[in-house]
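One structure is given below, encoded as structure tokens.
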Amino acid sequence: MPTKKFSPAVKPKERAVTTTARSQSGVKRGVVADQGERIGLYGSGGIGKTELAASLSAVGIEPLFIDLDQGSMGLDVARAVSGDDEHLTRTFSEVRGVLQNHELIRQFGAVVIDTFTTLEDRIREHVIATIPHEKGKTITSIEDYGFGKGLSHIFDQSLLVLADLEAISRLGIHVVVICHQVSEKVPSVESEDFLEYQPRLQSPGKTAKLRERMFEWCNHFFRVDFDRFVSEGKVDSSNKRSVHTVKTTTAWAKHRTMPNGREFAPTISYPKGSYELWSTMFGGQEDDSK
């Protein structure tokens, strides 16, 4: 009877011990209070958006303005400058240079872009000057790229700025993005179409929606407006201002839970010189302007 042959036992392969990202993962519970807030402000021209951002200093947060609209000229604030002649920062490249200069940024408690609506125009100029047409055609306007492609370039370059601002907020420095205001017709399946106030940033039909992306990215997005009331069936406005913190059927706004647990009223009074919004958010000196 032939002897059966058995294969020698196969030894299991020794696993190499490697260090992976997974082995370094973990869980950290609790409120995250060491990051800067990402804040949006919008409203009509001259309503007091720049003045409101400047009043951060009243609660001990010194802002650095990237003043693209030159709206802070009558205010005693710090402004970013660029170039040997120290002109006000104005181009897309200069703005990114300031935002990436963390040695400068760390000297302040907040960075204010005034306004991102104007920065979008500077980004458009940058795109036209630096991004070639895919087929080598001459580019003199954003429409020369073809349907929707130019707007996508603007959106992509805007995301680079948001990445710069994200890095700043991770340093524990607050970011304030100011926008102008636009009214948009909103389609409704339940009622007649209606007008809604929104930040004035590009928002084409399907893609490259910078307006929506900015609103999502910010922790808080506040709208500044004059108080409105109904008189004899007509809507009228007063000379009293408020900051709106929640979305309504006529305007975008939002806020998120603050790490310090502070609560927002749906509207916060904003008379001349008031910084109640910031004292609500951050505490600090009592607002005695009321």
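Position one of the sequence shown corresponds to residue 0 (numbering that gives the first Met the number 0), numbered consecutively onward. Note that beta-carbon positions come from the ideal geometry of N, C-alpha and C, so glycine has one too. It should be emphasised that the depicted structure is a prediction, and the values quoted were computed from it without experimental measurement.
Using only alpha-carbon positions, find the residue among G25, E36, S22 that is nearest to P258.
Considering only alpha carbons, the answer is E36.
Is there contact here, the segment 235-244 with the segment 141-149, by at least three beta-carbon pairs under 8 Å?
Contact fails: fewer than three Cβ-Cβ distances are below 8 Å.
Among R89, T206, E85, whose alpha-carbon lies nearest the alpha-carbon of D120?
Per the Cα distances, R89.
Would DSSP call F5 helix, strand or coil?
Bear in mind that a pLDDT of 45 at F5, under 50, signals an unreliable position, so the number given afterwards is only what the model happens to contain. Looking at F5 - three-state DSSP - the assignment turns out to be coil, as it is neither helix nor strand.
If you follow the alpha helix (DSSP H) that Q290 is in, where does it begin and where does it stop?
Because residue 290 is not part of the residues shown, which for the chain are 0 to 289, the question remains open.
Identify the continuous beta strand (DSSP E) that holds D120 and give its terminal residues.
Where D120 is concerned, there is no enclosing beta strand (DSSP E), although the alpha helix (DSSP H) it sits in stretches over 115-129.
Within the same chain, show all residues whose beta-carbon is closer than 8 Å to that of R33, passing over the 5 residues directly before and after it, in chain order.
The sequence shown places Asp at residue 33, not Arg. Taken in chain order, the residues that qualify are G171.
To the nearest angstrom, report how far apart I112 and S190 are at their CA atoms.
Answer to the nearest angstrom: the Cα atoms are 37 Å apart.
Starting from T248, trace the alpha helix (DSSP H) both ways and give me its first and last residue.
It is not in any alpha helix (DSSP H) - T248 carries neither H nor E in the DSSP assignment.
In the DSSP assignment, find the alpha helix (DSSP H) that holds S278 and state where it starts and stops.
275-281 is the extent of the alpha helix (DSSP H) around S278.
What is the DSSP secondary structure of F214, counted as helix, strand or coil?
Looking at F214 - three-state DSSP - the assignment turns out to be helix.
Residues bridged to P198 by DSSP?
In the DSSP output, where bridge partners are listed per residue, P198 has Q180.
Quick one, are the C-beta atoms of L161 and V110 less than 8 Å apart?
Contact: no.
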